[in-house]
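Colleague:
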Amino acid sequence: MINVGVVGASGYTGLELIKMLIIHNGFRLTYLATSSGDIKIEELHPSLEDVISLDVQKADTKDVIERCELVFLALPHKASMGFAKELLEANIKVVDLSADYRLDLDTYEKHYTTHTDKEHLDSSVYGLLEYYREDIKNTNLVASAGCYPTATLLALLPFIPYIDTDAPIFIDAKSGVSGAGKKLSDTTHFVNINDNMFAYNPINHRHAPEIREKIKKIHNKDTSITFVPHLIPASRGELISIYATLKEDIEPLEILRERYKNDMFIRVRETPVNIKATSGTHFCDIFAMKNDKAIFINSAIDNLLRGASSTALACANLMCGYSESEGIPTIAYVP
Ligand SMILES: NC(=O)c1ccc[n+]([C@@H]2O[C@H](COP(=O)([O-])OP(=O)(O)OC[C@H]3O[C@@H](n4cnc5c(N)ncnc54)[C@H](OP(=O)(O)O)[C@@H]3O)[C@@H](O)[C@H]2O)c1
Numbered sequence: 026m027i028n029v030g031v032v033g034a035s036g037y038t039g040l041e042l043i044k045m046l047i048i049h050n051g052f053r054l055t056y057l058a059t060s061s062g063d064i065k066i067e068e069l070h071p072s073l074e075d076v077i078s079l080d081v082q083k084a085d086t087k088d089v090i091e092r093c094e095l096v097f098l099a100l101p102h103k104a105s106m107g108f109a110k111e112l113l114e115a116n117i118k119v120v121d122l123s124a125d126y127r128l129d130l131d132t133y134e135k136h137y138t139t140h141t142d143k144e145h146l147d148s149s150v151y152g153l154l155e156y157y158r159e160d161i162k163n164t165n166l167v168a169s170a171g172c173y174p175t176a177t178l179l180a181l182l183p184f185i186p187y188i189d190t191d192a193p194i195f196i197d198a199k200s201g202v203s204g205a206g207k208k209l210s211d212t213t214h215f216v217n218i219n220d221n222m223f224a225y226n227p228i229n230h231r232h233a234p235e236i237r238e239k240i241k242k243i244h245n246k247d248t249s250i251t252f253v254p255h256l257i258p259a260s261r262g263e264l265i266s267i268y269a270t271l272k273e274d275i276e277p278l279e280i281l282r283e284r285y286k287n288d289m290f291i292r293v294r295e296t297p298v299n300i301k302a303t304s305g306t307h308f309c310d311i312f313a314m315k316n317d318k319a320i321f322i323n324s325a326i327d328n329l330l331r332g333a334s335s336t337a338l339a340c341a342n343l344m345c346g347y348s349e350s351e352g353i354p355t356i357a358y359v360p
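Numbered according to our numbering, the sequence shown spans residues 26 to 360.
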């Protein structure tokens, strides 16, 4: 068994990690932390009452180094790099769920803040499993991909060679409210989001440069991405609809089937996808169809799992020599 910890245990992605880790066959949960600690995990998450009882500490890198071989940082950006630097120097494996190690330095500093751990930024591996699996196996630092970028890139990347990348690519994205984390705001207040739906940060959302940068790295293509996220009155789930222009005639579903024939957590669907079928699972469901030169690509994930915690766990599995699928959820919350 390998000892692991979760820093950010009171948050939404932290809870998802805990739920998977307590039944994992290769990881033992030995450390939980938040910014204040001094509480039991079942007090923070009453759904865990009579399931586990563990102390939650005030986050401290010394304790992580003493108790863990691998740690999940389920923290806001900026907080993560504050912890990761020291842990990596002590040879602890780190899976970071924030944006701190996802982007090139210039992109990060333009869209987030000054980077305080440039040294490790270069050696981080982007945790998009289907594209960086071999690199993930050989690194001590994984930057788990963002939720919207995960659903968007898994859907769009197979088509980049067949798309006119000089033409605009429109990405219409919709997310359940848990995508914003546990902190309340006017936007996520019940009376604002119940029976409602709206775009937020259109075009300028921070996930647009992440999507653009990864397409460039994987296909060496500059793309004109117009990314518009929407908030929907659901707790979890993300639905992506992409509209682009084809430069040659293709069979969209064949392209997807061929690209993902060895990837057990991608389901190529024959009809448009929905969030419910992936809710509670690590699956990314993808559908695509064309209309002459126009292509519609459609994907769905659970933002808290495939968009965050189950991806982080699958990466940790690979970093520790376990099967990628160990402890990864596949049964959806349906109905
Ligand atoms: N939600 C999603 O769908 C999603 C998807 C992909 C990636 N992510 C990323 O994953 C990370 C976590 O997201 P989340 O939704 O789980 O956020 P969240 O619900 O707001 O939880 C954040 C956690 O971080 C802890 N924390 C904050 N500052 C800290 C510090 N200085 N020291 C120790 N703990 C600290 C909080 O603890 P306290 O209770 O003590 O404040 C809380 O447990 C974020 O970077 C987010 O962007 C989220």
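Note that CB positions come from ideal geometry on N, CA and C, so glycine has one too. Predicted model only: the values in this text are computed from it and were never measured.
Which of the three DSSP states is assigned to N217 in this structure?
Modeller: helix
Colleague: So is V216 buried or exposed if we call it buried at 16+ other beta carbons inside 10 Å?
Modeller: exposed
Colleague: Quick check on N50: buried or exposed, where buried means 16 or more other Cβ atoms within 10 Å of its Cβ?
Modeller: exposed
Colleague: Contact defined as beta carbons within less than 8 Å: I believe F321 pairs with M314. What is the distance between those atoms, to the nearest angstrom?
Modeller: 6 Å
Colleague: Starting from the C-beta of T190, find all residues in its chain whose C-beta is less than 8 Å away, skip the five residues before and the five after it, and write them out in chain order.
Modeller: K246, D247, T248, S249.
Colleague: Can you find the residues in the same chain that come closer than 8 Å, C-beta to C-beta, to S304, ignoring five residues on each side of it along the sequence?
Modeller: Around S304, the same chain offers R261, G262, D327, A357, Y358, V359 as residues with beta carbons nearer than 8 Å, after the five sequence neighbours per side are excluded.
Colleague: Please classify M344: is it buried, with 16 or more other beta-carbons within 10 angstroms of its beta-carbon, or exposed?
Modeller: buried
Colleague: Between D142 and I275, what straight-line distance do the alpha-carbon atoms span, to the nearest angstrom?
Modeller: 44 Å
Colleague: May I have the straight-line CA-CA distance separating T59 from A84, to the nearest angstrom?
Modeller: 6 Å
Colleague: Roughly how many whole angstroms lie between the Cα atoms of L281 and E273?
Modeller: 16 Å
Colleague: Could you pull the start and end residues of the beta strand (DSSP E) that V253 belongs to?
Modeller: 250-256
Colleague: Could you tell me how far apart the beta carbons of K118 and N165 are, in whole angstroms, since I believe they sit closer than 8 Å?
Modeller: 5 Å
Colleague: I'd like to confirm something about V32: is its beta-carbon nearer than 8 Å to some heavy atom of ligand 1, or not?
Modeller: yes
Colleague: If you draw a straight line from the alpha carbon of T270 to that of I236, how long is it in whole angstroms?
Modeller: 18 Å
Colleague: Taking the alpha carbon of I27 as the point to measure from, which residue in I47, G36, S35 has its own alpha carbon closest?
Modeller: I47
Colleague: Using only alpha-carbon positions, find the residue among I311, T306, D211, L112 that is nearest to K286.
Modeller: I311
Colleague: Under the rule that 16 or more other beta-carbon atoms within 10 Å means buried, what is N219, buried or exposed?
Modeller: exposed
Colleague: For I236, name the three-state secondary structure that DSSP assigns.
Modeller: helix
Colleague: Using a Cβ distance threshold of 8 Å, determine whether the region 200-215 contacts the region 129-136, with at least three qualifying pairs required.
Modeller: no
Colleague: Just the Cα atoms here: how many angstroms apart are L69 and A34?
Modeller: 9 Å
Colleague: Roughly how many whole angstroms lie between the Cα atoms of Y151 and V167?
Modeller: 6 Å
Colleague: Does the distance from the CB of L57 to the CB of V76 come in under 9 Å?
Modeller: no
Colleague: Which residue or residues does DSSP assign as beta-bridge partners of T139?
Modeller: According to DSSP, T139 bridges with nothing at all.
Colleague: With distance defined between alpha-carbon atoms, name the residue in A339, A176, N116 nearest to I265.
Modeller: A176
Colleague: Would I64 pass as a contact of S78 if the rule is Cβ separation under 9 Å?
Modeller: no
Colleague: For V89, name the three-state secondary structure that DSSP assigns.
Modeller: helix
Colleague: If you follow the beta strand (DSSP E) that D160 is in, where does it begin and where does it stop?
Modeller: DSSP places D160 in no beta strand (DSSP E) but in the uninterrupted alpha helix (DSSP H) bounded by 154-162.
Colleague: Which residues mark the beginning and the end of the beta strand (DSSP E) in which A168 is found?
Modeller: 166-168
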